[in-house]
Amino acid sequence: MTRYDRVIPPGGTGTVTLTIDTSTVIGEFQKRAVVWSNDPDRRSIALYLTGVVKPFISLEPGGYVGLWGVRGQVPAEFIEIKNNHKTPIQITGIENELPENVGWRLEEVQPGYSYRLEVKDISEKAGEYTGHLYVRTDYPPKPEFVIIVNGHIRDN
Numbered sequence: 034m035t036r037y038d039r040v041i042p043p044g045g046t047g048t049v050t051l052t053i054d055t056s057t058v059i060g061e062f063q064k065r066a067v068v069w070s071n072d073p074d075r076r077s078i079a080l081y082l083t084g085v086v087k088p089f090i091s092l093e094p095g096g097y098v099g100l101w102g103v104r105g106q107v108p109a110e111f112i113e114i115k116n117n118h119k120t121p122i123q124i125t126g127i128e129n130e131l132p133e134n135v136g137w138r139l140e141e142v143q144p145g146y147s148y149r150l151e152v153k154d155i156s157e158k159a160g161e162y163t164g165h166l167y168v169r170t171d172y173p174p175k176p177e178f179v180i181i182v183n184g185h186i187r188d189n
């Protein structure tokens with residue numbers, strides 16, 4: 034979003050304010066705005082807004098778990114949950130949409146900042162499933178995040 038002074042008197046100064054909605058950006062970004070004027074020596078100038086956006090909470094390697102293999106032999110998957118800000122957070126609960134298929138265990142690695150989530154298949158029969166783990170926190174800017182779980186379990 035750009036805000037600017039629409040009229041600037043000759044020889045005067047004006048203000049251009051650039052803002053970005055960081056809720057849709059992760060990582061490095063660069064945005065450009067072009068300011069046009071009636072100055073015959075310099076009709077336009079480009080302004081750049083650059084930075085790095087860190088999410089409140091990051092999931093490594095991501096927010097997806099694939100559990101594929103032979104029933105009883107499917108390797109567990111792990112997600113590292115990292116708090117990227119100075120204020121410590123607590124994970125207050127995990128809601129499991131797939132209690133007949135998926136088990137989980139949460140380990141606090143660095144209190145308030147780093148957690149390790151183990152997700153494993155506990156299916157008693159072969160089949161496919163897709164669902165979510167809803168992870169709840171005590172951090173108001175990010176009270177909940179979702180991990181997608183997809184399983185393809187066969188008998189042999």
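Going by the working numbering, the letters in the sequence shown line up with residues 34 to 189, in that order.
All residues carry an ideal CB built from backbone N, CA and C; glycine is no exception.
The structure presented is a predicted model; accordingly, all values stated were derived computationally and were not measured.
Extent of the continuous beta strand (DSSP E) to which residue i belongs
i: residue 79; result: 77–86
i: residue 66; result: 60–69
i: residue 156; result: Note, residue 156: premise wrong, no beta strand (DSSP E); not H, not E.
i: residue 56; result: Careful: residue 56 lies outside any beta strand (DSSP E) and carries neither H nor E.
i: residue 178; result: 177–187
i: residue 100; result: 97–103
Distance, residue j Cα to residue i Cα
i: residue 141; j: residue 115; result: 10 Å
i: residue 132; j: residue 154; result: 10 Å
i: residue 177; j: residue 167; result: 7 Å
i: residue 45; j: residue 82; result: 24 Å
i: residue 50; j: residue 36; result: 5 Å
i: residue 86; j: residue 62; result: 8 Å
i: residue 159; j: residue 56; result: 39 Å
i: residue 172; j: residue 75; result: 48 Å
i: residue 180; j: residue 54; result: 24 Å
i: residue 156; j: residue 186; result: 8 Å
i: residue 108; j: residue 130; result: 20 Å
For residue j and residue i, believed in contact at Cβ under 8 Å, the rounded distance
i: residue 145; j: residue 123; result: 7 Å
i: residue 136; j: residue 169; result: About 18 Å; that fails the 8 Å criterion.
i: residue 150; j: residue 111; result: 7 Å
i: residue 164; j: residue 182; result: 6 Å
For residue i, the nearest candidate out of the options (CA to CA)
i: residue 78; options: 90, 65 and 88; result: 65
i: residue 52; options: 72, 40, 69 and 84; result: 84
i: residue 188; options: 134, 106, 93 and 119; result: 106
i: residue 47; options: 68, 112 and 96; result: 68
i: residue 100; options: 117, 129, 113 and 134; result: 134
i: residue 59; options: 38, 72, 95 and 34; result: 95
i: residue 174; options: 156, 90, 39 and 70; result: 90
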